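If you're matching them up, the sequences are chains A and B in order. Residue 1143 is where the first sequence starts when you use this note's numbering, and the numbers rise one by one after that. Residue 565 is where the second sequence starts when you use this note's numbering, and the numbers rise one by one after that. Don't be surprised by glycine CBs; every beta carbon is placed ideally from N, CA and C. All values derive from a computational prediction rather than experimental measurement.
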Amino acid sequence: MGTERVHALAGVDLTIEKGEFVAVMGQSGSGKSTLMNILGCLDKPTSGTYDLNGKPTHKMGAFELARIRNEQIGFVFQTFELLPRLTALGNVQLALLYSKRGWIGSRREAKRALDRVGLGSRIRHRPNQLSGGQRQRVAIARALVNRPAMILADEPTGNLDSATSEDILRLFGELHAEGQTIIIVTHEEDIAGHAERIVRLRDGKILSDFPTAEDPIHNAYLQRAVDIAMLRASTGRQPGNGGHGNGADGGAA
Amino acid sequence: MIFVRLIVQTVFFAVGQMLSNKVRAFLTTLGIIIGVWAITSVIAAVGGLKNFVLDEFAKFGATKVFIWGNVPDSLRDKVTWEEVRLSPADGEALRKHSETLERLTMQTSLGATVSHGDKIKQGVRVTGIEPDWHEIEQRFVMHGRALTQSDDEGELQVCLVNEQAIEELTLEKGGVGSYIFINNRRFLVVGVVETKEMSPMFGGGEARTEVFIPFRLAYRLRDWPWVEITAQMKSPDIAEDCKEEIRFILRKHRQLPADWEDTFEMFQMTQALENFRGMAAAMTASAGVLVGISLLVGGIGIMNIMLVSVSERTREIGLRKAVGANPVVILLQFLIEAVILCIAGGVVGLIAGQATTLALRNIPDFPMEGAEIPVWAILLAFFFSAGVGVVFGMWPAIKAARLNPIEALRHE
């Protein structure tokens, strides 16, 4: 029918080391969702390779990928994705249900994960009895419980207010400090600023890949925030809040 | 091990899923409920009827065999009715050689004029019997004594009467010890025989005046005695063997040429039983067809609701896949949910069936006291509902297993 083949990602060459805290940024359509799906073994690249922990995953079948997702990857989603009928504990145990590790002790493991995210006292609560931040903590506990090689968070604060977002990001920071590899997919500079490295995508290609402190776009964004704060201090006017994301990207191009 | 754990967890989850949506689960499984209810009730009712009929047979004697002489069509020109009559020697041959018969009695009856004092009754049925007759017919002597072997061998002029005869002939002192005349021969009444109440099913009804005398004497009293043998098999299960054995003994005794048909005929009560069993099976089978249809409809209901469930829970499926559930696990989950739904329906149907059965049993004057749902019917209902769950849950489960996790997680 003459449809043109569009590659969501093309020529992406990316290495993430163990223990890194990486933010993947990009506008919608930039290919960041596709990258996340491939990193999370939810999808396979049509061509190219993806090695996770030294194992090539692009050759694996659905069953092997399911195992990899279970053992190596902890997902955190924007909308939490907790099962409403299960308690916090049950939701965390769900990830253990499909694991090869013994069921015996799964309760203890799940409880430990909930303790780790600061919800040790709410294990019997159902999602609808928890606040948004608490729900996301349950989701993070679920991601942690199998001690994955990496945590893959897709806009983890997208549904949370800024104070709660800060809490969640602080939690990610703590986990990172403990040696956990974390990848956050986001379009917000504020969020990305918590990571140590920012990978920017545009049109399916890597636009830039810098440590956060050296990322010119991020630095420009920070500078702008400082400017606005100063401007507000001097004039007493309310700051505008439109278009900073676009402006930042445009500046780099 | 991981699989057992998964299944246990899935069962719990499925039960929870069902209980959180009771009305929907009930409406979904209504077809199964009605199907199982109907089939168990019908099986119980047919079973009750069967019990009733079998009881009647048992009263009448399920192991009974009747044998009489017969001229087969093919031998019409070769033998006469007179020749094919059973003789006491035929009876003795059977008594001597049969392994399958418990006991037998030869019988011959004559219509006679019976009198006592000035009471005269004509056309009374006088039957010559052997001692085993009491056991075979389950009619025992109430007063006095039974006829004995020596009565028979000595052809003594003694007789038994029933209560009707005592009344009709106005015998004194309960009958025993009175003398009556049978065709002008004087007989001593030595005992009174029970009048057996027979079910209308076997042509029972009003009691008649009955007189019994020793077989050999009766045989001698007739010019052209027609003898019948009533025998009792050792067990109803050996009916076929018994039939063959009787044929073998009688043919041998009668020295029938190999190309001749039997010059005798027999009827086993078990044959009648077979006929009835066939009828009962036909009833059950036709009910089964109706139930099959209702289970089919029920199954389609299950499939429908499972499809709805899969699409409602697309995100859950996506999440489960993201945390490591492989396609088989997802398939299993939805299959188990369908099966549990069906089994729950089956259990409800079974309870309804049991209630119906109890109700049937308690209808007064209705021959359903023996109605009950047999264990095999319970198992059948169980496996049938589980089977419906598997068959009709398969497609939705496959659909769920095939979902792409990315699209499932994006599903609204």
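Just to confirm, are residue i and residue j a CB contact at a threshold of 7 Å?
i: residue 1354 of chain A; j: residue 1340 of chain A; result: yes
i: residue 730 of chain B; j: residue 676 of chain B; result: no
i: residue 630 of chain B; j: residue 794 of chain B; result: yes
i: residue 1174 of chain A; j: residue 1368 of chain A; result: no
i: residue 1277 of chain A; j: residue 1290 of chain A; result: no
i: residue 1198 of chain A; j: residue 1188 of chain A; result: no
i: residue 1280 of chain A; j: residue 1233 of chain A; result: yes
i: residue 813 of chain B; j: residue 657 of chain B; result: yes
i: residue 878 of chain B; j: residue 972 of chain B; result: yes
i: residue 840 of chain B; j: residue 617 of chain B; result: yes
i: residue 716 of chain B; j: residue 776 of chain B; result: no
i: residue 728 of chain B; j: residue 693 of chain B; result: no
i: residue 937 of chain B; j: residue 921 of chain B; result: yes
i: residue 1337 of chain A; j: residue 1164 of chain A; result: yes
i: residue 695 of chain B; j: residue 674 of chain B; result: no
i: residue 1319 of chain A; j: residue 1167 of chain A; result: no
i: residue 945 of chain B; j: residue 600 of chain B; result: yes
i: residue 1321 of chain A; j: residue 1161 of chain A; result: yes
Grab me the residues of residue i's own chain with a C-beta within less than 7 Å of its C-beta, minus the 5 sequence neighbours each way, in chain order.
i: residue 749 of chain B; result: 721
i: residue 643 of chain B; result: 635 and 827
i: residue 645 of chain B; result: 635
i: residue 1274 of chain A; result: 1301, 1302 and 1306
i: residue 687 of chain B; result: 675
Determine, using beta carbons only, whether residue i comes closer than 7 Å to chain A.
i: residue 894 of chain B; result: no
i: residue 887 of chain B; result: yes
i: residue 883 of chain B; result: yes
i: residue 573 of chain B; result: yes
i: residue 615 of chain B; result: no
i: residue 890 of chain B; result: yes
i: residue 880 of chain B; result: yes
Spatial neighbours of residue i within its chain, please: C-beta separation below 6 Å, excluding the five flanking residues on both sides.
i: residue 1219 of chain A; result: 1296
i: residue 1184 of chain A; result: none
i: residue 800 of chain B; result: 626, 627 and 834
i: residue 863 of chain B; result: 952 and 956
i: residue 891 of chain B; result: 965
i: residue 508 of chain B; result: A query on residue 508 of chain B cannot be resolved here, the shown segment of chain B reaching from 565 to 976 and no further.
i: residue 613 of chain B; result: none
i: residue 724 of chain B; result: 755, 757 and 776
Could you tell me the alpha carbon to alpha carbon distance between residue i and residue j, rounded to whole angstroms?
i: residue 968 of chain B; j: residue 1294 of chain A; result: 18 Å
i: residue 755 of chain B; j: residue 744 of chain B; result: 13 Å
i: residue 598 of chain B; j: residue 861 of chain B; result: 10 Å
i: residue 572 of chain B; j: residue 578 of chain B; result: 10 Å
i: residue 902 of chain B; j: residue 1176 of chain A; result: 35 Å
i: residue 784 of chain B; j: residue 847 of chain B; result: 50 Å
i: residue 587 of chain B; j: residue 871 of chain B; result: 17 Å
i: residue 850 of chain B; j: residue 697 of chain B; result: 42 Å
i: residue 880 of chain B; j: residue 1225 of chain A; result: 7 Å
i: residue 1304 of chain A; j: residue 1282 of chain A; result: 18 Å
i: residue 917 of chain B; j: residue 607 of chain B; result: 10 Å
i: residue 1372 of chain A; j: residue 1330 of chain A; result: 22 Å
Please return the same chain residues whose Cβ sits closer than 8 Å to the Cβ of residue i, not counting the five positions on each side in sequence.
i: residue 1044 of chain B; result: In this structure chain B extends from 565 to 976, so residue 1044 of chain B is not present and cannot be described.
i: residue 702 of chain B; result: 623, 625 and 760
Using a beta-carbon distance below 7 Å, is residue i in contact with chain B?
i: residue 1295 of chain A; result: no
i: residue 1192 of chain A; result: no
i: residue 1223 of chain A; result: yes
i: residue 1283 of chain A; result: no
i: residue 1252 of chain A; result: no
i: residue 1291 of chain A; result: no
i: residue 1343 of chain A; result: no
i: residue 1185 of chain A; result: yes
i: residue 1211 of chain A; result: yes
i: residue 1359 of chain A; result: no
i: residue 1255 of chain A; result: no
i: residue 1240 of chain A; result: yes
i: residue 1301 of chain A; result: no
i: residue 1204 of chain A; result: yes
i: residue 1179 of chain A; result: yes
i: residue 1314 of chain A; result: no
i: residue 1150 of chain A; result: no
i: residue 1237 of chain A; result: yes
i: residue 1217 of chain A; result: yes
Near-chain A residues of the stretch 953-971 of chain B - C-beta to any C-beta below 8 Å: 969 and 970
Chain A contacts made by the stretch 580-604 of chain B, where a contact means CB separation under 9 Å: 580, 581 and 584
Quick one, which residues of the stretch 1256-1270 of chain A are near chain B if we go by CB-CB under 9 Å, in chain order? none
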